[in-house]
Structures are given as structure tokens and as C-alpha cells.
Amino acid sequence: MHPTAPDPGSTTPDAAVAPTSGDVRDLLLGVAVGLAWCVVVEVLRSSDWWNPRWVSAWWWCGLALAVVVAAWRRHPRATFWGVVVGYPLVYRTGLQSELHLAPLLAAAFVGARAGAVAPVVAAVATVGGTLALLVPGGLAVTHDLDLWLLPWMPLVDVSYSVALATLACAAVVLGAVVHRLERTSADLAARNAELRRLQEVRTERAVLAERTRIARELHDVVAHHVSAIVVRAQAANRVAGRRPEATAEATAWIAGAGKEALTAMRGLVHVLRADDRAAAAPDARDPGTAGSSASAGVSAELAPAPGVDDVARAAQRLREAGVAVDLTLPDHVDLPPDVALAVARIAQEALTNVLLHSRAARAEVRVDARGDALHLLVRDPGPRRAASPSGGHGLVHMRERARACGGRLDAGPADDGGWTVHASFPTTTPDGPDVALTGAAR
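Under UniProt numbering, the sequence shown has 52 at position 52, and the numbering climbs by one with no breaks.
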């Protein structure tokens, strides 16, 4: 649900709040209007050509208009009823000039605009006040009915009264329209603010997801190579005094593994930069141009994504580090790219954990399809090494990769004292056929 903007007039009538700068400006403007009205009336009275019959009507008109200007923002409801009811009561002379309707029309507009009075109620009250101004003596007349009503009735101009009533209704309608527009504008502003807030949240989540993805890729790419290098270097150091040739062999292997790590790092950086270029390209944001030359150019620069074949390479690095690996992979596999990447990275991380956390001399890796799922199993017989005090993120990353592909991952100690990592992925997708696998031990 969208938040509803506050009604511009719902909290202003007779609200017990501290005066604002707008209230002070209105008060000063009301005083200025009253003073200006008095000056104009006095100047006109001093002239020879203007001699009103009832000067008091002009004074009351100026006072009522000044009250409307001074109090409309802070007390719209009190202003409306005070002018609509009080002004005809004190006027008492019959309408001397159409200009004397200004306070009533202004009060009607203010009350409707602020939402302080319902439009229908405001229209009825304003029309009543307008017609009351037409009555000689106003509502406060104390003469006998015969002396007041009979002489006045023949002077009533129905069309004139209807015109003034229409003018009063028009003021109310105009105020109601302005109120509706202001409320709609405030509501749209609130919704826009909420949309901006949601967009900021989405951006923050996207940045966090991207940071997590980069951290996971860096961990999976670097940790595997570096772990193998560390284990091989430690082994060479232990036999350096007895077998100098082993040190030279280990040094050569470490140099090659380091080059592989650098190559993998460069490939990862290249992929990340290509993702940035694809996101920045206009065609990348237009689903209708997904096959454009710009997107094709970016894709053409990318190296093949890791897949099931990379499991064999990870197993070979483990063998070179001194751990025998029994590997069972399918000869042919047709997997979605995200599933293939997940299989490769999970197997890579699981084998790295064998190096770091197990004293096992052998490990087993098997990829096969059973039932409606593709299964990856990495198992070592142990025993386990002492746990690292700093912990790690390997299991977290493996589970994240499995969940991202709609699969699941279970990892834990085996009955024989070793460790087992088992990941499963669905072999069918809503848009594609079953995954076909044929395999043999390698």
C-alpha cells in the first residue's frame, strides 16, 4: 500500500501548534490589508464625488476581509464560520456594493480549499450568508414584521439573487478544486519519495549482492590455487634436507600453479569488467536488442565459463599436491551455464577443503544423474585436521551457489570419520529438456 499524503487542511483548523513563518506573514498581510482599506475609504470620503449612505458597511467589509487574510492558514474553519455567520449579522444595511461580498467569497474559498468544511455545507452556508446581506437590517433587525418584510418584498430581484448565489457557489467549487489538486500533489510527492526510498534500497541490495558475488568468485578462484601452492610448499620444506630434487620439483610446480592462479584472476577481472560494460551499454538495457552487435562484442571477448571439465583440472591439481583422487565424470554433459559453474566451483572448493582440513591421502569425486537430479559428491576418509580458529566462508559460498541454481548442498562428517559434501541440482527446467549424462571413471 502506498502512504497517503496528509490532508492539507485536516490538521490546520484550530490546531494548537506553534505559529509558523507563514502564520506570521498572513497576520502581517491581514493588518496591511486592513490599514490599506481604511486609508482608501478615508481618502474616498474626503472627496466630493463619493458619499456612501452607510459608511459602517465599508468598515465591516474591510475588517472581515482583513480577518480572512490574517487567519485563513492557521484557523480556516473558525475563519469560515466566523465570517459567513458573523459578517451578515453586523452588516445590517442591505448590500451596498457587490464589493462587499469579497469577505464571504474569500471565506468560502478558504474553507473549501483547506478542507475545513465539506463543500456542500460550505456552499449552503455561503449562499445563506450572501442572501442575508441582501436583507435590509440583516438578521439582527428588531423592527416589526410588517415594517420590515412588506416594504422589502417588492424590491427583491430574483435573477440578481441567483447570480450572487451562483458566485458564492463558484467560490466554494474553486476552493474544493484547489484542495483536491493540492492533496493529489502532496500524495504524489509522498509516493515519489517512497519510490525513491525503495529504489535506494534496491540499489543497496544490488550493490551488496554484487559485492557478495565478487567475494565468492575471488575466494573460489584464488583459494583453490593458493591452498594447493601452500600445501606443496610445506611438503617440499619438510623433505628439503633429505631430497633436494623434491624442492626443485616443488618450486617448478608452484611456479606453474602461480601462473594458473594469475591467469584465473585475470580472467575473473576481465569478466567483471565485461559485465560493467554490458550493464553500461544502452543495448544491454533494452530487451528488444539483446542480440545487438554491442552485446555480441562483449560476449565474444569472454572466455568459456567454468564447467564440469574444470572438475578434472581441480582434481589433477590435488593429485599433484599429493592426494590421490578417484574421479567419476560423465563423458558428455549438457548443463545450463549456471549449473555447470556451480558444479565446478563447489567441487573446487570441496577439494580445497580436503587439502586444508583433512589428513586423508585419497579423495573421491563423482558427478552423475540419479532420478530427477544431478548429483555431485566429494568425499574423503579423513581424519580431520584441527579446526582453524579464523573459520572460513567455503561452506557458505557452496550453499549459496547451490541455492542460486535451485539445488541444495549438504556437508558434514561421514560415519568413517571423514567428510562428505553432497550437492544436488534439478535436471529439468521449465524451458528445457532433461539433462543428458553419460559417464565413466577418469
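Note that the Cβ used here is the ideal one computed from N, Cα and C, for glycine as well.
(message) So, does the region 182-192 touch the region 364-373, judging by three or more C-beta pairs under 8 Å?
(response) By the criterion of at least three beta-carbon pairs nearer than 8 Å, the region 182-192 is not in contact with the region 364-373.
(message) By the DSSP assignment, the alpha helix (DSSP H) with ALA114 in it spans what residues?
(response) 102-114
(request) May I ask you to list the residues that DSSP assigns as paired with PHE425? (result) DSSP lists LEU374 as partners of PHE425.
(request) Compare the beta carbon distance of GLU320 and MET398 with 9 Å and say whether it is the shorter of the two. (result) no
(request) State yes or no: is the C-beta of ALA363 within less than 9 Å of the C-beta of ASP338? (result) no
(message) According to DSSP, is GLY94 part of a helix, a strand, or is it coil?
(response) coil
(message) For LEU395 and ARG183, what's the separation of their Cα atoms in angstroms?
(response) Roughly 54 Å between the two C-alpha positions.
(message) Check whether the region 75-84 and the region 102-115 are in contact - that is, three or more C-beta pairs closer than 8 Å.
(response) yes
(message) Please classify LEU329 as buried or exposed, where buried requires at least 16 other C-beta atoms within 10 Å of its C-beta.
(response) Under this definition LEU329 is a buried residue.
(message) Suppose contacts are defined by Cβ-Cβ distances below 9 Å. Is GLY22 in contact with ARG73 by that definition?
(response) Yes; because the gap between Cβ atoms is below 9 Å, this pair is in contact.
(request) Taking the CB atoms as reference points, tell me whether VAL406 and PRO426 lie closer together than 9 Å. (result) A small fix is needed here, since residue 406 is Gly in this sequence, not Val. The answer is yes: Cβ separation under 9 Å.
(message) In whole angstroms, give me the CA-to-CA distance for VAL367 and ALA223.
(response) 22 Å
(message) Considering only their Cβ atoms, is the gap separating VAL239 from THR247 smaller than 9 Å?
(response) Closer than 9 Å, so yes.
(request) Quick one: grab the DSSP three-state call for ASP410. (result) Strand at ASP410.
(request) Tell me, please, which residues DSSP counts as bridged to ARG384. (result) According to DSSP, ARG384 bridges with SER358.
(message) If the criterion is Cβ atoms closer than 9 Å, does the pair THR79 and ALA71 meet it?
(response) yes
(message) Using only CA atoms, which one of LEU63, ALA116 and SER97 lies nearest to VAL90?
(response) LEU63
(message) Taking contact to mean 3 or more Cβ pairs, one atom from each stretch, closer than 8 Å, check whether the region 342-357 and the region 415-423 are in contact.
(response) yes
(request) Measure the alpha-carbon distance for LEU356 versus HIS219 and round it to whole angstroms. (result) 14 Å
(message) Helix, strand or coil for TRP72? Go by DSSP, reduced to three states.
(response) coil
(message) Suppose only complete runs of 3+ residues qualify. What are the beta strand (DSSP E) ranges in the region 199-253, listed by chain order?
(response) No beta strand (DSSP E) of 3 residues or more sits fully in the region 199-253.
(request) Find the nearest neighbour of GLY307 within the set LEU208, VAL323, ALA261 and VAL343, judged by alpha-carbon distance. (result) Of the candidates LEU208, VAL323, ALA261 and VAL343, VAL343 places its Cα closest to the Cα of GLY307.
(request) Give the single residue among HIS332, VAL354, ALA112 and ARG211 whose Cα lies nearest to the Cα of ALA411. (result) Its Cα nearest to that of ALA411, the residue VAL354 stands out among HIS332, VAL354, ALA112 and ARG211.
(request) Would you decide whether ALA423 is buried or exposed? Buried here means 16 or more other CB atoms lie within 10 Å of its CB. (result) buried
(request) Closer than 8 Å by C-beta to LEU167: which residues in its own chain qualify, once you throw out the five before and the five after it? Chain order, please. (result) Within the same chain, LEU167 has close Cβ partners LEU101, LEU105 and THR130.
(request) Tell me where the alpha helix (DSSP H) around LEU35 begins and ends. (result) Annotation for LEU35: the continuous alpha helix (DSSP H) segment containing it runs 21-46.
(message) Looking only at its chain, what residues have a beta carbon closer than 6 Å to the beta carbon of LEU164, apart from the 5 residues adjacent to it on each side?
(response) THR130
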